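In the working numbering, the protein residues as written are 1382 to 1676.
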Amino acid sequence: MLSRKLLIPIILLTTLSLTACGLASPTASPTPEAPTPTIAPPTATPEPAAATVNGEEIPVAELNAEVERYLASQSALGKTASPEDAKTRVLDDLIDQVLLAQQARQAGFQVDDASLASRLSTLAQKAGGQEALNTWIASHSYTDESFKIALRRSIEAAWMRDKIINGIPGTADQVHVQQILLYNQDTAQQVLDQLKAGADFDQLAARNDPATRGELGWFPRGYLLDTKIEDAAFALQPGQYSDIISTEVGFDIIKVLERDPQHPLTPDAYLAMQEKALTDWLQQQRQNSKIVIQP
């Protein structure tokens, strides 16, 4: 991130010397010198802010440099992004960082100078020495001061992030679901009519998808991308099947096989729940915070 150092403009001061003129006289008094004006030191001009988060500023210079770094990283990956999209994404990320860091401080977490120095020393060792770290800092458009600011904030934000996601339990209310996915509404209606007439769900699912027999596995709320399937699943009791659910993929009929209020989360589901918890937390913080984005 870029430096927060205040920009001091150069002020040109012109001093006019006034000469006192008097009548010639054999005993003329010496002309008094004009008093030297007292010049106040220049006042530091605050750096323009791209946004403020609960009164804490995100400088324009910091945002611009972060955008440059983001665009460079995307280019290195063979990806492209417009400057406008990059600016929006980077600013959102900086706002999230500030919100997390602010809450970390409020929770009593502090990154003192000794801790920061220790972290810098560790980074220097991993980089191959202080000179190598200095080269990296300069090549990524940081100054020493701006890098310390960025590092301190990132440590605070990471602490709060971990506090949020580590609070997610390893179990959750989950359903075990089987599906029959069809791509034609008329065919889906025929299958539903067969189920209502007493046909076996498992046999119809196996006929439609012999490889997986329609197995969706266990999942908690907030895991599926399609909330309509999720909502339908948690509204059913074990052994019940749904009506036709129209989705972007096709037409689904699902059956709840089991439900467990404390079923262990799979690693993938646990990660999804952590991401959801963090997203929900940030959304709530944004609603409760005063965020001003400058045009």
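We treat Cβ as the ideally placed atom computed from N, Cα and C, and that holds for glycine. Please read all numbers here as calculations on a predicted model, not as lab measurements.
Is the segment 1596 to 1606 in contact with the segment 1551 to 1560, if contact means three or more CB pairs nearer than 8 Å?
The answer is yes - the segment 1551 to 1560 touches the segment 1596 to 1606, with three or more Cβ pairs under 8 Å.
Rank I1635, L1480 and P1550 by C-alpha distance to the C-alpha of M1654 and give the top, closest one.
Residue P1550 is the option with its Cα nearest to M1654.
In three-state terms, what does DSSP make of P1464?
Residue state, collapsed to three classes: helix.
When the Cα atoms are used, what is the spatial distance from I1626 to L1563?
Going from the Cα of I1626 to the Cα of L1563 covers about 10 Å.
Go through its chain and collect everything with a Cβ distance to K1671's Cβ below 7 Å, but skip five positions before and after it.
Closer than 7 Å at Cβ, skipping near neighbours: N1435.
Any contact between the segment 1474 to 1492 and the segment 1527 to 1547? By contact I mean 3 or more CB pairs, one from each, below 8 Å.
Yes, they touch.
Rounded to whole angstroms, what is the Cα-Cα separation between E1414 and P1676?
At E1414 the pLDDT is 44, less than 50, meaning the model places this residue with poor confidence; the figure from the coordinates comes in the next sentence. Roughly 52 Å between the two C-alpha positions.
What number of angstroms, rounded off, separates the C-alpha of Q1584 from the C-alpha of Q1570?
Taking the straight line joining both Cα atoms gives about 17 Å.
Output yes or no for whether 8 Å exceeds the beta carbon distance between G1603 and K1636.
In this structure, K1636 does not lie closer than 8 Å to G1603 by Cβ.
Tell me whether L1458 sits in a helix, a strand or coil according to DSSP, three-state version.
Coil.
Along the chain, which unbroken stretches of the alpha helix (DSSP H) at least 4 residues long are found entirely within the segment 1473 to 1559?
List check, alpha helix (DSSP H) in window: 1494 to 1508, 1511 to 1520 and 1525 to 1546.
Please list, in chain order, all residues of the same chain as V1673 whose beta carbon is under 7 Å from its beta carbon, the five residues on each side excluded.
Once the five neighbours on either side are set aside, the close Cβ partners of V1673 are A1432 and T1433.
Is it true that the segment 1512 to 1532 meets the segment 1437 to 1453, where meeting means three or more beta-carbon pairs spaced less than 8 Å apart?
Counting Cβ pairs under 8 Å, three or more are found: they touch.
Per the DSSP calculation, K1636 is bridged to which residue(s)?
Looking at the DSSP assignment, K1636 forms a beta bridge with Q1559 and Y1622.
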